[in-house]
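Visitor: Structure provided below as structure tokens; questions to follow.
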Amino acid sequence: MLESSGFRVVEARDGNEALEVFERDNPDLVLLDVEMPGLDGLEVLRSLRNASRARDVPVVMATGLGDVDSISSAYSAGATDFISKPINWALLPHRLRYILRSSRVTRDLAESEEKFRLITESSADFIALLDLEGRRLYSSPSYRAFFGTDLAGSDSFREIHPDDLETIRNTFRETVESGVGRAAKFRWILPDRSLRYLESKGSVIRDETGKVSRVVVVSTDVTERTLQQEKIERLNRITSVLGDINSAIVRIRDRGELLAEACRIAVDEGHFAFAWAGLVDAETQAILPVAWTGNEQGFLGVAKFSAREDVPEGNTLSGRVVRGKRPVVSNDIEKDAVVRHGKLALARGFRSVVGLPLMVGDTAVGLLVLYSLVPGYFDDEEMRLLEELAGDISFGLDHIEKEREVHHLAYYDPLTGLANRRLFQETLGTLVEASRRTPNRMAVVVIDARGFHVVNDNLGRHAGDAFLKSIGERISGAVASSDTVGRIGGDQFAVILSELAHDSQVASRIGKIFEALDATYELNGQSIRLLFKGGVSIFPTSTDGATSDALLTNAEAALKRAKDSADMWLFYEPHLNAANANRLVLESALSRALASGEFRLLYQPKVDPRSGRVTGLEALLYWNRPGRGLTPPGDFIPALEDTGMILGVGSWAIRQAMSDVARLRGMGYPTLRVAVNVSPVQFRQRDFPAYLASALGTNESLDGLDIEITESVMMEDIEACIAVLWRLQRMGIGVALDDFGTGYSSLNYVAQLPAGTLKIDKSFVDDVASNPRRLAIVSTVISLAHALGMKVVAEGVETMEQERVLRDLDCDEVQGFLYSRPIPIEQLEAMLRKAPAAIVAG
519 MLESSGFRVV
529 EARDGNEALE
539 VFERDNPDLV
549 LLDVEMPGLD
559 GLEVLRSLRN
569 ASRARDVPVV
579 MATGLGDVDS
589 ISSAYSAGAT
599 DFISKPINWA
609 LLPHRLRYIL
619 RSSRVTRDLA
629 ESEEKFRLIT
639 ESSADFIALL
649 DLEGRRLYSS
659 PSYRAFFGTD
669 LAGSDSFREI
679 HPDDLETIRN
689 TFRETVESGV
699 GRAAKFRWIL
709 PDRSLRYLES
719 KGSVIRDETG
729 KVSRVVVVST
739 DVTERTLQQE
749 KIERLNRITS
759 VLGDINSAIV
769 RIRDRGELLA
779 EACRIAVDEG
789 HFAFAWAGLV
799 DAETQAILPV
809 AWTGNEQGFL
819 GVAKFSARED
829 VPEGNTLSGR
839 VVRGKRPVVS
849 NDIEKDAVVR
859 HGKLALARGF
869 RSVVGLPLMV
879 GDTAVGLLVL
889 YSLVPGYFDD
899 EEMRLLEELA
909 GDISFGLDHI
919 EKEREVHHLA
929 YYDPLTGLAN
939 RRLFQETLGT
949 LVEASRRTPN
959 RMAVVVIDAR
969 GFHVVNDNLG
979 RHAGDAFLKS
989 IGERISGAVA
999 SSDTVGRIGG
1009 DQFAVILSEL
1019 AHDSQVASRI
1029 GKIFEALDAT
1039 YELNGQSIRL
1049 LFKGGVSIFP
1059 TSTDGATSDA
1069 LLTNAEAALK
1079 RAKDSADMWL
1089 FYEPHLNAAN
1099 ANRLVLESAL
1109 SRALASGEFR
1119 LLYQPKVDPR
1129 SGRVTGLEAL
1139 LYWNRPGRGL
1149 TPPGDFIPAL
1159 EDTGMILGVG
1169 SWAIRQAMSD
1179 VARLRGMGYP
1189 TLRVAVNVSP
1199 VQFRQRDFPA
1209 YLASALGTNE
1219 SLDGLDIEIT
1229 ESVMMEDIEA
1239 CIAVLWRLQR
1249 MGIGVALDDF
1259 GTGYSSLNYV
1269 AQLPAGTLKI
1279 DKSFVDDVAS
1289 NPRRLAIVST
1299 VISLAHALGM
1309 KVVAEGVETM
1319 EQERVLRDLD
1329 CDEVQGFLYS
1339 RPIPIEQLEA
1349 MLRKAPAAIV
1359 AG
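Taking the working numbering as reference, the numbering of the sequence shown is continuous, increasing by one, and the terminal residue is 1360.
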């Protein structure tokens, strides 16, 4: 039966012959009876299994014994399978083929496992067999050598560095899902917390259905190679930093800028986590951080440093660097007890730090401090490059200091520290060119101390020098920060007054200078008072000069005329002297006007164009000047602003306006509001809302008050302006944005302003009925304001046609000569009594 099924069969008559035949023919399968002459089947089976060559050959027992003990004995002796008699001859060949196939699979698997075992046992690589969750089913001896225990059943991700964990999990997941092995590099944490770098590659094992069932991961320890590569990269980066900083030294001429660039390069190019540079205060010995880049996180705001050994702030790495004038390294901040700010550093991830002294001559003027996220970062090779880096920065600082000293001697007066004549003229030339592009003017003032030689001759040179320094200090204290002061001769000083909006400001600002100079000086216990004279030239004018040389020359010429006159100072242009005299007369008259009750408020109604009803008032300040009658605001408001008198007059105007509106509300206009124009000088007060409140007194109410502010004033400091306007709104004060469209406002900021009213300037209203472009602008502004929840007031309405167009455009309020000129409160009351419901246009 077996031969007819394709088997080649060799028979043996008993057990002994069976063993001989097996040795001779090496069969693929043995069919063995149990009961035989001589050796029975079980004895033959045991002999075969003891022979190494027969251990994997399948042996099938055929017997009529059917009890469980006999079957168990057969399997215990090493039987592969068991066939009961009588044998089903037709099925026997199929049964044996199945047993042969199963045997080959088992044998191949055993051979594969043996090869795998031999490979893993002898490999230095880390080999692990993982299930689909990443748990180890098998780990090679190399694992056990590292961890001292069998890792079978453990999570293969548990030793991976937290910063690399997510990447490795994703790589493993992609390998399982795609069936394609993927490589990865990561850091491995050993039981002693030390780090190793591994490169791993995964390969999948599939089951009989083709699905991935296991993953074999082979990992190679590349720590030494990686550290060497990182070291080479670090050295290359530091070399690159050296080159970049040397380039910066060539082009940078400012000490702070150089240190800031050094910190930036150290972090951006050198990949340090944080870098800061500090300079030593020569007087206090405090180490003051002046530049930093990187992951600072408030570190320098908390940590304090000093070069003094007798204070806690001096017991720092930075203090030791400055005192010792040599680098100090901490390669393990966590374990270094002498790093005073170690906890602050560790909280920000810093693990090692180096401080490098910055030397100018034999003095440590500061230091550069570099932090790394890696412990043990700074080795001998890196330190050699970093010391060279600190030396280059020190050279740059020394060069800048020497250059600064040379520059200072060339451009500054050594006695007063003010600009000398050379620098003053160069600055004047620069400002002249800049002023050509702006509407502002500027003035050059040359000042001479008359009789200074008497001080020098009688009190000595030291007293004279002290006197000149005092003059320079008084002039500097009397001018704005944007102005320039210089000493251009022995006893001559000069000032450039810049950013002058109009000529009327010149006299006021020059007056402050001479007011400061016209006071007693105390020298060597003596009180001295000298006469000062000045000459002034203005730019631009037709005669004062168009160049810096001409302006300075003409100011000196005006000074020469002033010395021969009774005036303290004179303009180069004679007509300006007359204007200045008039301005002084004006300011003098204004200083008496408030106390004399000469100011008046006139009111112009605001009208609803749909109903003709009076809905509000604008208060306008006029001056009833003795001998000249009612003077309009434009003739005196600039003088009030320049002298600061606008603050007192403005407070009076607010009080008077609120008093008048209270009277009108008592007449039957309970919702009537009054708008008061606010000067930029008033609005710039440190606490403008408090200024408004104080204008009325604590017991008065600001209900019914609106203030009008031009958009140009708001745009000066929009963020601060928004905060102020919100406070005004909470106080019940309304805000109107005046002259909208004539300045440079940003719609983005207008949308943020808590202003309730937007006023369209008269220049847009004049031809709104005849100019399609003006009409489009006005229509757009009204729509924009309504979209922002704001009311719109149109100024300067003088014709019925203008009123009609504005009414059609849904403008909320209008004002202008069509309804009324500015009138006193008495006339306004009479008007309202005569037409309480509405004002008839025209």
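All residues carry an ideal CB built from backbone N, CA and C; glycine is no exception.
Please classify residue 1358: does DSSP put it in a helix, a strand, or coil?
Guide: Only weak support is given to the placement of residue 1358: the predicted model assigns it a pLDDT of 43, under 50, and the value that follows is read from those uncertain coordinates. The answer is coil: DSSP assigns residue 1358 none of H, G, I, E or B.
Visitor: Which residue or residues does DSSP assign as beta-bridge partners of residue 1040?
Guide: Paired residues: 1045.
Visitor: Check whether the Cβ atoms of residue 1053 and residue 1088 sit closer than 9 Å, and answer yes or no.
Guide: Taking 9 Å as the Cβ cut-off, residue 1053 and residue 1088 qualify as a contacting pair.
Visitor: For residue 607, is the classification buried or exposed, using 16 other Cβ atoms within 10 angstroms of its Cβ as the cut-off for buried?
Guide: Exposed, by the Cβ-count rule.
Visitor: Can you tell me where the alpha helix (DSSP H) holding residue 593 begins and where it ends?
Guide: Element bounds for residue 593: 586-595.
Visitor: Please look up how many angstroms separate the CB atoms of residue 1254 and residue 1193, rounded, as I've assumed it's under 8 Å.
Guide: Residue 1254 to residue 1193, Cβ: 6 Å. Contact.
Visitor: For residue 838, list the residues DSSP reports as bridge partners.
Guide: Residue 838 is not bridged to any residue.
Visitor: For a test of the three-state rule: what should DSSP assign to residue 955, helix, strand or coil?
Guide: Looking at residue 955 - three-state DSSP - the assignment turns out to be coil, as it is neither helix nor strand.
Visitor: Got a sec? Which residues, its chain only, sit under 7 Å from residue 1313 by beta carbon, not counting five neighbours each side?
Guide: These residues qualify, in order along the chain: 1277, 1278, 1279, 1280, 1283, 1333, 1334.
Visitor: Which word fits residue 593, buried or exposed, when buried means at least 16 other C-beta atoms lie within 10 angstroms of its C-beta?
Guide: Exposed, by the Cβ-count rule.
Visitor: Counting only the same chain and skipping the five closest in sequence on each side, list residues whose C-beta sits under 8 Å from that of residue 776.
Guide: If we look at residue 776 and ignore the five residues flanking it on each side, its Cβ neighbours are 766, 767, 770, 911, 914, 915, 918.
Visitor: Within 10 Å of its beta-carbon, does residue 780 have 16 or more other beta-carbons around it, so buried, or fewer, so exposed?
Guide: The residue is buried, with at least 16 neighbouring Cβ atoms inside 10 Å.
Visitor: For residue 1044, count the other beta carbons within 10 Å of its own beta carbon; 16 or more makes it buried, fewer makes it exposed. Which is it?
Guide: Under this definition residue 1044 is an exposed residue.
Visitor: Can the beta-carbon of residue 577 be found closer than 9 Å to that of residue 547?
Guide: Against a cut-off of 9 Å, the Cβ pair of residue 547 and residue 577 comes out as a contact.
Visitor: By the three-class DSSP mapping on this structure, what secondary structure does residue 1083 have?
Guide: Residue 1083 falls in the coil class under three-state DSSP.
Visitor: Mind checking which residues open and close the alpha helix (DSSP H) that includes residue 742?
Guide: First-last of the alpha helix (DSSP H) with residue 742: 741-769.
Visitor: Taking all protein chains shown into account, do 16 or more other C-beta atoms lie within 10 angstroms of the C-beta of residue 1343, making it buried, or fewer, making it exposed?
Guide: Its Cβ being crowded by 16 or more others within 10 Å, residue 1343 is buried.
Visitor: If contacts are defined as beta-carbon pairs under 8 Å, then residue 996 and residue 1030 qualify, I think. What distance do you get, rounded to the angstrom?
Guide: Right, their Cβ atoms sit about 5 Å apart.
Visitor: Spatial neighbours of residue 685 within its chain, please: C-beta separation below 8 Å, excluding the five flanking residues on both sides.
Guide: 702, 704, listed in sequence order.
Visitor: For the alpha helix (DSSP H) holding residue 843, just list the boundary residues, first then last.
Guide: First-last for residue 843: undefined, no H or E at that position.
Visitor: Distance, Cα to Cα, residue 532 vs residue 538?
Guide: If I take the Cα positions, the gap works out to 10 Å.
Visitor: Taking three-plus beta-carbon pairs below 8 Å as touching, is the region 1159-1166 in contact with the region 1196-1214?
Guide: Flag = yes, the region 1159-1166 and the region 1196-1214 touch.
Visitor: For residue 1323, is the classification buried or exposed, using 16 other Cβ atoms within 10 angstroms of its Cβ as the cut-off for buried?
Guide: It is buried - the Cβ of residue 1323 has at least 16 other Cβ atoms within 10 Å.
Visitor: Provide the residue span of the alpha helix (DSSP H) that contains residue 537, from first to last.
Guide: Element bounds for residue 537: 533-543.
Visitor: Residues in the same chain with beta-carbon distance under 7 Å from residue 1158, minus the five sequence neighbours each way, listed in chain order, please.
Guide: Contacts found: 1108, 1164, 1167.
Visitor: Considering just the uninterrupted stretch of the beta strand (DSSP E) at residue 601, what are its terminal residues?
Guide: 599-602 is the extent of the beta strand (DSSP E) around residue 601.
Visitor: Determine the burial state of residue 883: buried for a count of at least 16 other Cβ atoms within 10 Å of its Cβ, exposed for fewer.
Guide: The residue is buried, with at least 16 neighbouring Cβ atoms inside 10 Å.
Visitor: Are the CB atoms of residue 874 and residue 908 nearer to each other than 9 Å?
Guide: Yes. Within cutoff.
Visitor: If you run the structure through DSSP and keep just helix, strand and coil, what is residue 499?
Guide: The chain is shown from 519 up to 1360; residue 499 falls before or after that span and cannot be answered.
Visitor: Please list, in chain order, all residues of the same chain as residue 1348 whose beta carbon is under 8 Å from its beta carbon, the five residues on each side excluded.
Guide: Around residue 1348: no qualifying Cβ.
Visitor: Skipping 5 residues on each side, what residues in its chain have a beta carbon closer than 7 Å to that of residue 671?
Guide: Same-chain partners within the cutoff: 653, 654.
Visitor: Which whole runs of the beta strand (DSSP E) in the region 810-896 are 3 residues long or more, in chain order?
Guide: Correct list: 846-848, 870-878, 881-890.
Visitor: Helix, strand or coil: how does DSSP classify residue 1195 here?
Guide: In the structure shown, residue 1195 sits in a strand (DSSP, three-state: E or B).
Visitor: Using three-state DSSP, classify residue 1142 as helix, strand or coil.
Guide: Correct three-state label for residue 1142: strand.
Visitor: So, at 7 Å on beta carbons, what are the nonlocal neighbours of residue 1076 in its own chain, with the 5 sequence-adjacent residues on each side left out?
Guide: For residue 1076, where only same-chain residues beyond five positions count, the Cβ hits under 7 Å are 1053, 1054, 1055, 1088, 1089, 1090.
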